[in-house]
Amino acid sequence: MPRWGEKIGNSYLEGGRLISKPMDFSQKNFASLPDLQNVLRAILFPEAVPQKQRFQQLTEKDYVFLRRYLSMLPRESQHPRYNAKEFPDNYAKFLLAGGPAGPLPPGVRIFNKIGQAYGFLIDNAYIVDLDRNVEFMLAAVIYVNADEVLNDDHYDYDTEGFPFLRNLGRAVYQHELQRPRRHVPDLGRFRLRYDE
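Numbering-wise (UniProt numbering), the sequence shown opens with residue 1 and increments by one.
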């Protein structure tokens with residue numbers, strides 16, 4: 001019997017034909033959500049992971065580069081330049097900001113990597129509010145494909161997926177704003193320049 005997730009949906013399109021059986025994902029790329037979050041943690045906080053889990057060849061300059069590009073807004077990119085109407089500040093920032101075009105909350109930076117395919121949305125994020133000294137890591141995957149047909153480009157991203165991830169991020173963010181802290185985080189390494 002296959003593990004959950006190897007066969008998805010009721011049918012799928014392939015070469016313009018409808019195949020009336022679940023799509024087999026057993027030969028597709030796979031990374032678990034905990035593994036993805038560990039990679040993000042190793043980039044953002046290398047000293048907080050065991051030595052064998054660190055990226056041994058990366059220099060401090062490399063880490064700054066990665067942090068900068070994981071959190072850069074499209075309008076801050078110099079190469080390439082992005083049209084702000086097509087690529088608003090919340091583009092590819094599903095948790096806390098997914099959905100219709102709009103700004104992030106003031107002082108907030110989201111260091112993340114997203115995925116979007118076959119009705120799945122994933123966001124693996126470290127969210128910081130540099131003005132309020134709030135930080136948290138959050139990762140989530142949601143499958144939004146009501147018709148259960150894969151590869152047809154008819155998914156429920158806008159109506160179900162993005163609103164869910166936005167609301168999930170907002171709920172955790174609101175909780176973190178209110179939660180008492182014994183230690184104030186040092187967010188200095190995340191105050192980056194984006195105009196270079």
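Virtual Cβ for every residue (Gly too), placed ideally from N, Cα, C.
In this structure, the straight-line span from the alpha carbon of Val184 to that of Pro46 is close to 19 Å.
Secondary-structure assignment with DSSP links Ser11 through a beta bridge to Val149. One Cα belongs to Leu130, the other to Glu14, and the distance between them is close to 47 Å. The beta carbon of Ser20 lies closer than 7 Å to those of Ser11 in the same chain, with the five residues before and after it left out. Rounded to the nearest whole angstrom, the C-alpha separation of Gln174 and Phe65 is 29 Å. Three or more Cβ pairs closer than 8 Å define a contact, and the segment 52 to 70 falls short of that threshold against the segment 147 to 157. Taking the C-beta atoms as reference points, Ile127 is found no nearer than 8 Å to Leu177.
In the three-state scheme derived from DSSP, where H, G and I count as helix and E and B as strand, Lys52 is classed as helix.
Within the segment 84 to 145, the complete beta strand (DSSP E) segments at least 3 residues long are 108 to 117, 120 to 129 and 134 to 143, listed from N- to C-terminus.
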